[in-house]
Amino acid sequence: MGSRGRAPLRVPAAVAVVVALGPAGFVAVPSLASAADPPVLARAPDAKRDKDGDTVVVTGTRTPERMQRSTVKTDVITRDEADRRGATNVAEALASQPGLVVNPGSYGFLGGVSALQIQGFDRDRVLVLEDGERVVGDVGGAIDLSAIPTGDIDRIEVVSGPTSALYGSAALGGVVNIITAPPRDEGPTGRMRMEGRSLKGLVLQANAGYRRGKPWAAVDFNLTRMDGIEKPVGPDLRLPEQSHRMVGIRAGTSLTPEMDVRIRARQFRDRTDGLETQVAPGLGRFIIDTPAQTDRYTLHVIHTTRIGTQGSNLRLSMGRQWFDNFTARDRRDSPIDERHDRTQRLQSFEATGTIADGTRTWVAGARAEAEHFEQDLTRTVSTSAGPVTTTAPEVLPLSYGIGALYGQVAQKLGNVTVLPGVRFESHTRYGSSVAPRLAAAWRITEIVTLRASGGRGFRAPSAKELGLSFDHSAFGYKIFGNDALKPEKSWGVNADVTISPDERMTFRGSGYANSVDDLIDLDLGHGKNDGGVASYSYTNFGRARTAGGQVDATFKPAPFLRAESSYAYTWTRDDVNDRPLPGRPPHAVTVSLRVEPGWKMELYARARIVTDAFLDENSRAPGYENFDVRVAREVWAKSQLYVGALNLTDVKQDPGRVGDTRSPLGRILYIGLKADFPWEDE
Amino acid sequence: MKLSLSLGWLVVPALSVLVLGAGSACSDSAGTKATASSGAEAGADADTFSTSEELQVPVGAGRVYVKLASPPAVVSPAEPKTDKGWDLAFEGLDVFTNSGPSGAGLGASFGPLDPIVFIDDAVPGTPFLATDTTGGAFIRWWFYGGAAANHALYTRFHVYGVQEGQKQYKVQVLNYYGVRDGAPIAALYRVRWAEVTATGSGPIQDLADLDGTADQANAAGKSECLDLGTGARMMFTASEARASSAWHLCFRRENVSVNGEVGGPRGVGAVDLDAASSPTEKLADVVQLTPESQQARFDAVNAQSLVGQPFRGDRVVSGFGTLWLERGVSPVAPAKSAFVVRGADNSSMYLVGFARFDGASTTSPGTVVMRVKSVK
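Chains as they are written, first to last, in the numbering used here: chain A, -1 to 680; chain B, 31 to 406.
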């Protein structure tokens, strides 16, 4: 992809001024940006980058900064880069990102849930945002990143380390912010991607937008599907048939010269259809369908008022999310079934003020959330009197509210930017949490930047941990939630140094350490025995530490060649059991190479080596190597015809092997066409 | 983060009585045959136990309680049924943990293991730990298929002798599963039985869908009981069954109760006539067995087969079972083996071995000289 249409951008570090598209062209305007509202910068798809390819990021500080000079280290995966990686969803886009580990299907949900590890933390200890808004609807504590398509995203930002000072609960390991953007071109625009994949896979992504000055609107559509994979001895499916659908509308306009409003609504439907059989001794084989379906709706309205001409603004946002999910076991030709229904609702209101005050930029905000969760089990059992159907809560219906106040100030002192911040959060269930953070960036020379940050993270008890009611008396145990749980709390420090001798190369080294207390888990050591049935409950009793480092190097020795390499090390310790945390691979190496040899072609190869990981005293998760390749050629302006292979060497999970984090799919071949409209070259 | 909840992990304790069957197989690898004489170091090599503490337990009339935390000691709990201050109890040739019907604690056990495990300070790997439960001759009637077999229970097709006074029967469990409402239902038993007479056998009766689906923990749940003499079927709660003389066998989940001793007042006893084959049975072989292929085994049992058999009612059994005793020696002697014991507090873990019995007889070990080691 060329660089035509890019506009040069120079954004001073930690100063909240961005370049926006106005009727008269590119003008400097006060910042409208926040973690939920990416800046509009230029016309071309990569226009959020400056001529050095440096990307503007917002997640680490809630103010726009150039990635290379940001006060808090932020990694970015653009939509183009996600496409090069052959990704159709966020899980695939992040799967080979240095410093991250995506565990596909490692949480037992039909092989479908893909969850993320950052700095040794996973599941609900990593916060997932869409345009700055928390995503609800976890399965087993994990937001399924494979259910979030890349069809309408602009980029994904990843901030590692405790970030609760800005975002509250769950930001212990880090934050993933999936960001969309308005159309950048005047008039009608569009984007499409059509792709065929192995396993009868189909990818259809389409976006249509229209901008006329300030008003704009966009429609997004995403559909992906693939067949299930049979076990070696069928007809049982090792992986279910899957389909993911997303429809969204986005629109924005200016109400007055100082006021903008933006609205975004999306609907997701994720469906899996599994099949398993049960062989009963002496009776033969019985077929059980195992469907699962999630419907998620999001609605957000964002209102921004510019104050003065120095970059100050007030941003108000309101949001609501609906999450409805079921998983079922449906016996064929029998009423003896069971179905789990989960319902979650989240309403939020947030006001964030940004005040540009010379060398200082203040950010202060308040957020209120109301959330409701319930989970029921409907089960039909066979009795001597006939089938009996009962519905009972598995998680007691829970409603709770959260109020939060937060603030930070970015003070620029010559080449040093200091960024203290704190968040106070009050929860109707467990009381309050305070999460401070101090970050600093020192541009030592033109080519060397040093950054460090330290702060507190916390994770609120989940609805399941508070209210689970799981009765397996038949097997001798029950599990209950605990209404008296406290949040998990962590301290973490991060530091990194970036060296950019010239435009052709960048080196970066980083390190981190975290300590977390009051980890919530089932306390199997203090069960209660009642009539031969043991009762266990969640309690705050765990302690753990994680530490690690990463070195990255990027080379661009020629305009047609870009190479990246990275090594990441992760160390973890479960201080209660005096052993590593399970499923954390200690070493990972990632290498990628992008070549534009001419003839409008682009070649891309990416390799990742992950070492084996501790599971328990007797077993380890196997290491693996993944090798992805992609060849693309421009067919007409702003279009690409491409073919590629993910996991070329066909590394895949052993069916039934617990903790195996290798790909459940094996090798995937794909061929597709993508294009941006208008077609005419500029 | 520390403990990822695996339901399968927790299913295992409920199936813990499997230890008795599996344990017999393990005992074959426990070492050379021990000396049977009292007073000798019959259990294990002294060096193997060198890092453990010795405890002498005089087992006489009544139950003797032991705590295993250092220093291990014989204790006298005021209310043994509710006291969590003891971890093991000895009575006759039985060893109990503080769990299930034996006590209010969360104790459990697994074994036998090779005494070499005493060398390490860590809990040796075990497939599960067994809590105490009630059971009799039928306690090993099934073979657990494990996760690979969808946790199914397969009948071993053993033939059991059942005796009530002068009446004798032979019983074979044909299936643990039945079809109801289009689904395979666990604990819908199919059994066949016949009266054993001096001249042969009475008519063979084959009965399916005996309803043992009531949960063990559901005190109000009724399960089906069977009178072998009349073929009468009746539904009882667990407590009703223990007070009733109307039945010979009761079916409740994977347990088949016998109406004798703690099982009920009728004085019924039973014996597993194929118990000797249990240690060598393998899942791959068991799943091939069918009611038809095992008809001959059933038919072969006659009055002579039941002569001299140790008929017994239901008793409380632990993971120790009879596995802590050397087989086939008189007076009794300890097996050369080790056991993992979880304390009543559900968190302390111990290795237990038996060095020798002083003053043993055929019905009592006398003074048990045991070794105890706390492990992490």
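The beta carbon of each residue, even a glycine, is placed where N, CA and C say it ideally should be.
- According to the DSSP assignment, E79 of chain A belongs to the alpha helix (DSSP H) that extends over R77 to R82.
- The Cβ atoms of H301 of chain A and R262 of chain A do not sit closer than 8 angstroms to each other.
- For P214 of chain B, the nearest beta carbon of chain A is closer than 8 angstroms to its own beta carbon.
- Under the DSSP assignment, Y622 of chain A falls in the beta strand (DSSP E) whose first and last residues are Y622 to R631.
- Contact residues of the stretch 260 to 288 of chain A toward chain B are Q276, V277, A278, P279, G280, L281 and F284 (C-beta to C-beta distance below 7 angstroms).
- The three-state reading of DSSP puts E83 of chain B in strand, counting E and B together.
- Along the stretch 179 to 266 of chain B, the beta strand (DSSP E) occurs as fully enclosed runs of 3 or more residues at 183 to 185, 189 to 194, 197 to 210, 213 to 227, 235 to 241, 253 to 256 and 263 to 266, listed in sequence order.
- For H338 of chain A, there are no neighbours in chain B by C-beta distance under 9 angstroms, as the nearest C-beta there is about 13 angstroms away.
- Per DSSP, the continuous beta strand (DSSP E) segment holding S431 of chain A begins and ends at G429 to R441.
- Cβ-Cβ separation between V288 of chain B and K200 of chain B: approximately 14 angstroms, too far for a contact (criterion under 8 angstroms).
- Chain-order list of chain A residues neighbouring D241 of chain B: S382, by C-beta distance under 8 angstroms.
- Only those residues of the stretch 323 to 337 of chain A whose C-beta falls short of 7 angstroms from the nearest C-beta of chain B are listed: R329, D331, S332, P333 and I334.
- With distances taken between CA atoms, G122 of chain B lies nearest to B:T392 out of B:T392, B:R401 and B:A268.
- If you look at G194 of chain A, you'll find it in the beta strand (DSSP E) that goes G185 to R195.
- Using beta-carbon distances, R372 of chain B does not count as an interface residue toward chain A, since no partner is under 8 angstroms.
- In the DSSP annotation of this structure, L235 of chain A is not part of any alpha helix (DSSP H); the continuous beta strand (DSSP E) holding it starts and ends at L235 to L237.
- Proximity of P499 of chain A to chain B, defined by a Cβ-Cβ separation below 8 angstroms, is not satisfied.
- DSSP places S380 of chain A within a strand segment (E or B) once states are collapsed to three.
- Counted as a single uninterrupted DSSP element, the beta strand (DSSP E) harbouring K97 of chain B occupies residues V94 to K97.
- Within chain B, no residue has its CB atom less than 8 angstroms from the CB of N538 of chain A, the nearest being about 12 angstroms off.
- A Cβ of chain B is located within less than 8 angstroms of the beta carbon of H524 of chain A.
- Inter-residue distance for Q196 of chain B and L381 of chain B is about 45 angstroms (C-alpha atoms, whole angstroms).
- Boundaries of the alpha helix (DSSP H) around D315 of chain B: L313 to V316.
- Assigned with DSSP and collapsed to three states, G465 of chain A falls in helix.
- In the three-state reduction of the DSSP assignment, E109 of chain B falls in the coil class, being assigned neither a helical nor a strand state.
- By alpha-carbon distance to D245 of chain B, the top candidate from B:G230, B:I234 and B:L218 is B:L218.
- For P584 of chain A, the nearest beta carbon of chain B is not closer than 8 angstroms to its own beta carbon.
- Scanning its chain for C-beta atoms nearer than 6 angstroms, with the 5 sequence neighbours on each side dropped, one finds around P88 of chain B the residues T397, in chain order.
- Shown here, E291 of chain B sits in a strand according to DSSP, grouped into three states.
- Three or more beta-carbon pairs drawn from the stretch 480 to 496 of chain A and the stretch 444 to 464 of chain A are found closer than 8 angstroms, and the two stretches are therefore classed as touching.
- In this structure, the straight-line span from the alpha carbon of G384 of chain A to that of G139 of chain A is close to 37 angstroms.
- Taking C-beta atoms as the reference points, G159 of chain A and L579 of chain A fail to come closer than 8 angstroms.
- For the stretch 273 to 303 of chain B, the beta-carbon criterion of a distance under 8 angstroms to any beta-carbon of chain A is satisfied by R283.
- For T387 of chain A and S380 of chain A, the gap between their C-alpha atoms comes out near 9 angstroms.
- Distance from the Cα of L483 of chain A is smallest, within the candidate group A:V70, A:S241, A:G465 and A:P181, for A:G465.
- Sequence-distant partners of Q324 of chain B (beyond 5 residues in either direction) whose C-beta falls short of 6 angstroms from its own C-beta, in its chain, are F187.
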